[in-house]
Amino acid sequence: MTSGQLKQIISAANEEDCAVMENEPMSRHTTFRIGGPARLFLRVGTERALFRLTALCRELDAGFFVLGSGSNLLAADEGYNGVVLHLAPPEFWQCRREGSEITAGAAMRLAALTDFAREQGLSGLEFAHGIPGSVGGAAFMNAGAYGGEMKQVILSCRALLPDGTVQTIAGESLRFGYRTSVFAENGGIVLSARFALRPDAPEAVEERMRDYLSRRRSKQPLEYPSAGSVFKRPEGYFAGALIEQCGLKGVSVGGAQVSEKHAGFIINRGGATCADVCALVEKIQQTVLRETGVSLECEIRRLGG
C-alpha cells in the first residue's frame with residue numbers, strides 16, 4: 005500500500021471515528037495467535053463507516069479484509085500489506101428479538117448470541133454454543149456442529165455487495181452448502197443475520213447447551229490456540245479419523261502440532277508460525293492421500309502471504 009493510499013484511508017477512518025492502528029500484529033486478533041502486522045487496522049463500528057471505507061479501498065485499489073472474531077483465519081508471518089476492517093460495536097454487535105426471531109449484527113460472538121437466545125427462552129442455536137466465531141463468519145461458512153448448521157436457523161442476511169449495494173438475501177438464495185454460502189461466491193460482506201427459533205424453557209435450552217459444551221471440552225483441544233477444525237469432512241469419511249489412522253496424531257512442525265486430543269485440529273503449542281502450520285497441513289494432506297487415497301481440503305482462510 006502506498007503512502008498516498010494510506011493517508012487517504014486514515015483520514016476517512018478518523019472522520020468516521022474509527023480506531024486506527026498501523027502495523028498491528030494479527031496474532032492479537034486471531035484465535036490461532038499467529039500472524040504478522042497488518043499495515044492498517046481499523047475498528048469499524050457503524051455501517052456508514054464500513055460502506056465508506058470499503059468503497060474508498062476499492063476506488064484506490066487498496067486491498068482490504070473484513071475481520072470478525074478471527075476464529076477461522078491463518079495470517080501470514082510477514083503480515084498483510086492492506087487494510088483490515090475489524091467489525092466492532094456499536095452497530096455490528098446489536099441484537100434484538102421479534103417474536104421467535106432474533107436479528108444479530110455480524111460481529112456478535114456466537115457465544116453471546118446463544119446466551120441471548122437462552123435468556124429469551126428460544127431454542128435452535130444450542131449446537132452453536134462453544135463455536136468460537138461471530139455471526140458474520142458463521143453465516144459466511146454455514147458453521148455447524150453436532151448435527152446442526154446455520155442453514156437450519158438463518159432466515160435471511162443483510163449484506164454489502166461489491167458494487168456498494170445492500171441487499172437482504174433469504175431462503176434458498178443464501179445457497180448454503182457444506183461450509184459455504186452465497187457470500188463465498190459473490191464477495192458479499194454480511195452485516196446482520198435473522199434467525200428463526202422456537203420457544204422453549206430457558207432451563208431446557210441451557211441443559212442442551214451445557215451438554216454440547218461438555219462434549220466439546222472433552223473431545224477438542226480448547227486449552228490451546230487453534231483455528232478449529234482444519235479440514236473439510238471428505239465425503240464418506242471423517243478427516244480426524246483419517247489423520248489418526250495415518251499415525252499423524254501428535255506430529256509437529258515447529259510450534260504447530262496435530263492435536264493429541266483430536267487429530268482434526270492443529271494447535272499452537274507456543275511460538276507456532278504460519279509457515280509451521282502450512283508445512284504441517286501439507287504433510288498431513290500428502291500422507292493421507294498417499295496412504296488412503298483421500299484428498300483433504302483445508303477450510304481455514306488465509307490472509308496475506
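Count the sequence shown with the working numbering and you get residues 5 to 309, in order.
We put the CB at the ideal spot given by N, CA and C, even for glycine.
Quick caveat: nothing in here was measured; it's all calculated off a predicted structure.
| query | result |
| --- | --- |
| Straight-line Cα distance separating T277 from P94 | 33 Å |
| Within the segment 135-195, ranges of the beta strand (DSSP E) (whole runs, at least 3 residues) | 158-164, 170-174 |
| Buried or exposed (CB count within 10 angstroms, at least 16 for buried), V194 | buried |
| Reference H133, options D215, Q290, G268, closest by Cα | D215 |
| DSSP bridge partner residues for Y241 (one or two, in chain order) | Answer by DSSP bridge pairing: none, since Y241 is not bridged. |
| 8 Å contact criterion, which A80 and Q9 should meet: CB distance rounded | Rounded, the Cβ-Cβ distance is 20 Å, inconsistent with contact. |
| Proximity to H266 [Cα-Cα], best of E286, Y228, L114, L178 | Y228 |
| Other residues of its chain near N27: CB distance less than 6 Å, five sequence neighbours each side excluded | P41 |
| Local conformation of I38 per DSSP, three classes | coil |
| 4 or more residues per run - each alpha helix (DSSP H) lying fully within the segment 80-134 | 114-123 |
| Own chain partners of C161 with C-beta closer than 6 Å, once the 5 adjacent residues on each side are dropped | A143, I173, V194, A197 |
| Euclidean distance between Cα positions of Q169 and V255 | The sequence as given places Thr at residue 169; Gln does not occur at that position. Near 47 Å, if we compare the C-alpha coordinates of V255 and T169. |
| Beta-carbon spacing of V87, I38 below 8 Å | no |
| Neighbour-count burial assignment, G268, 16 or more Cβ in a 10 Å radius | buried |
| Beta-bridge partners of E26, as assigned by DSSP | L44 |
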